[in-house]
Amino acid sequence: MPVTKAQLSTLYPRAIPDLLSGVAAAAGDVLGRFGIADKPDRLAYFLAQVGHESGGLTINAENLNYSAKRMTEVWPRRFPTIAAAAPFANNPEKLANFVYGGRMGNGPPASGDGFRFRGRGLIQITGRDGYREVGARAGLPMEADPDLVTVPGNALLCAAAFWKWKGLNPVCDARDFTRCTIIINGGTTGIADRREWLDKVRRVLAAPPPAPAAQPPAELVIRVQKALLRAGFAGVGAADGDAGPRTLAAITAFRQSRGLAAGGIDAPLLKALGITP
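When the letters of the sequence shown are read in order and numbered with UniProt numbering, they come out as residues 1 to 277.
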């Protein structure tokens, strides 16, 4: 089942615009290629987990600028006291190298791997092993260039590649959302918020699509089609008065060539074509 940009916009209303556009543009290919769109539960679980991990497409990289108090809450075993956390307060690089160093394929803290391979992307890929494994499945040299994960056009691909690496489609098919969360998070942190995202995703995907816009009068469509043909946009096909896919594609190409904003048969288009309504 496909997901549209309109649905993504409803689901993630505060999304970073470039990130939303990148995700929407890649959705048809990526979600199909990785089998995520094949079944409703797969798509719902994926979009819900992405919603939680990325803050609704508002976060594309881990923020490690913590106060000492916050560190004792997030990593109580590593920082049992405020005094233990104080040397790392408001120092993201030092903190990442300490908490992520020596694990997940990272070298020791002095190697800088902890910060280099800190959490990034829609699903917060973390650790050298993660970047290597996801990169291999995404076809991107992510271990050599971790920032590739934050490129909007790569965002969905990397999240889907992570999903494949972790074998999450069968977990979705078993309808085990808690297990899905544990595989992604290592525990059940944020499970209540993740379930709220799941409920929202199901509501958005179940909503009927908006009614199609009314067709312009056939006489006007014919005039537009003829004007497009005169302008060299032969892809419009016959001037038959039907604003179908070929006509809409020709309108889009014409608008782009004239620097017009996206749209259909409207006043700016008619003016550019020299048509008086």
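We put the beta carbon where it would ideally sit given N, CA and C, even for glycine. Bear in mind that the values here come from a model prediction, so they are computed numbers and not experimental data.
### Query
Given 8 Å as the limit, is there contact between the segment 36-52 and the segment 169-187, that is, 3 or more CB pairs closer than that?
yes
### Query
For the alpha helix (DSSP H) that residue 197 lies in, which residues bound it at each end?
On the sequence shown, residue 197 is found 197 positions in, with the first residue counted as 1. Counting along the chain, the alpha helix (DSSP H) containing residue 197 begins and ends at 191-206.
### Query
the ligand GDP heavy atoms versus the CB of residue 44: any closer than 7 Å?
As for the ligand GDP, it is missing from this structure, which has no ligand bound.
### Task
Determine the extent of the alpha helix (DSSP H) in which residue 50 is found, giving its start and end residues.
Locating residue 50 in the sequence shown gives position 50, counting from the first residue. Here the alpha helix (DSSP H) through residue 50 covers 40-53.
### Task
Could you spell out where the alpha helix (DSSP H) holding residue 305 opens and where it closes?
Summary: the structure shown does not reach residue 305, with the chain confined to residues 1 through 277, and so no result is reported for it.
### Message
Quick check: the Cα distance between residue 57 and residue 184, rounded to an integer number of angstroms?
### Response
Your numbering for residue 57 matches position 57 in the sequence shown. Your numbering for residue 184 matches position 184 in the sequence shown. Those two C-alpha atoms are separated by around 17 Å.
### Task
Below 8 Å on the Cβ atoms is my guess for residue 142 versus residue 126; work out the distance and round it to an integer in Å.
If you number the sequence shown from 1, residue 142 lands on position 142. If you number the sequence shown from 1, residue 126 lands on position 126. With 8 Å as the limit, residue 142 and residue 126 do not qualify as a contact, their Cβ atoms being about 12 Å apart.
### Message
With distance defined between alpha-carbon atoms, name the residue in 59, 222, 268 nearest to residue 340.
### Response
Residue 340 falls outside the range modelled here, since the chain spans only 1 to 277, and no answer is possible.
### Query
Is DSSP giving residue 184 helix, strand or coil here?
On the sequence shown, position 184 is the one that residue 184 refers to. Residue 184 falls in the helix class under three-state DSSP.
### Query
Going by the CB atoms, is the gap between residue 115 and residue 133 shorter than 8 Å?
Taking the sequence shown and counting its residues from 1, one reaches residue 133 at position 133. Taking the sequence shown and counting its residues from 1, one reaches residue 115 at position 115. Against a cut-off of 8 Å, the Cβ pair of residue 115 and residue 133 comes out as no contact.
### Task
Quick one: using the 10 Å Cβ neighbour count with 16 as the cut-off for buried, is residue 28 buried or exposed?
Counting from 1 along the sequence shown, the entry for residue 28 is found at position 28. Burial call: exposed.
### Query
When the distance is taken between beta carbons, is residue 50 closer than 8 Å to residue 122?
Here residue 122 is taken as the residue at index 122 of the sequence shown, counted from 1. Here residue 50 is taken as the residue at index 50 of the sequence shown, counted from 1. Yes.
### Message
Quick test of your reading: residue 61 and residue 181, contact by CB under 8 Å. State the CB separation rounded to the nearest angstrom.
### Response
In the sequence shown, the residue the question calls residue 61 occupies position 61. In the sequence shown, the residue the question calls residue 181 occupies position 181. Their Cβ separation, rounded to whole angstroms, is 21 Å, which puts residue 61 and residue 181 out of contact at 8 Å.
### Message
Measuring alpha carbon to alpha carbon, tell me which residue in 231, 247, 232 is nearest residue 238.
### Response
For this step, residue 238 is matched to residue 238 along the sequence shown. Checked all of 231, 247, 232; the closest Cα to residue 238 is 247.
### Message
What does the Cβ neighbour count give for residue 256, buried or exposed, with the cut at 16 atoms within 10 Å?
### Response
In the sequence shown, the residue the question calls residue 256 occupies position 256. Exposed, by the Cβ-count rule.
### Message
Is the separation between the beta-carbon of residue 241 and that of residue 218 shorter than 8 Å?
### Response
For this step, residue 241 is matched to residue 241 along the sequence shown. For this step, residue 218 is matched to residue 218 along the sequence shown. Yes.
### Task
Return the CA-CA distance between residue 146 and residue 251, expressed in angstroms with no decimal places.
Along the sequence shown, one-based indexing puts residue 146 at 146. Along the sequence shown, one-based indexing puts residue 251 at 251. Cα to Cα, the separation comes out at about 40 Å.
### Query
Is it the case that the Cβ atoms of residue 236 and residue 44 are separated by a distance below 8 Å?
As a first step, residue 236 must be located in the sequence shown, where it is residue number 236. As a first step, residue 44 must be located in the sequence shown, where it is residue number 44. Their beta carbons are not under 8 Å apart, which means residue 236 does not touch residue 44 by this criterion.
#### Entry: 6 Å Cβ shell around residue 144 - same chain, five flanking residues per side excluded
Mapped onto the sequence shown, residue 144 falls at position 144. Nothing listed; no residue qualifies.
### Query
Nearest-angstrom Cα distance between residue 262 and residue 4?
Numbered from its first residue, the sequence shown carries residue 262 at position 262. Numbered from its first residue, the sequence shown carries residue 4 at position 4. Distance between the alpha carbons of residue 262 and residue 4: 17 Å.
### Query
Name the DSSP beta bridge partners of residue 120, please?
The residue labelled residue 120 in the question sits at position 120 within the sequence shown. For residue 120, which the question treats as bridged, DSSP gives the partners 61, 125.
### Message
Comparing C-alpha positions only, which one of 199, 75, 186, 68 sits nearest to residue 82?
### Response
The residue you call residue 82 lines up with position 82 of the sequence shown. Ranking 199, 75, 186, 68 by Cα distance to residue 82 puts 68 first.
#### Entry: Other residues of its chain near residue 191: CB distance less than 8 Å, five sequence neighbours each side excluded
Numbered from its first residue, the sequence shown carries residue 191 at position 191. So the qualifying residues of the chain are 178, 181.
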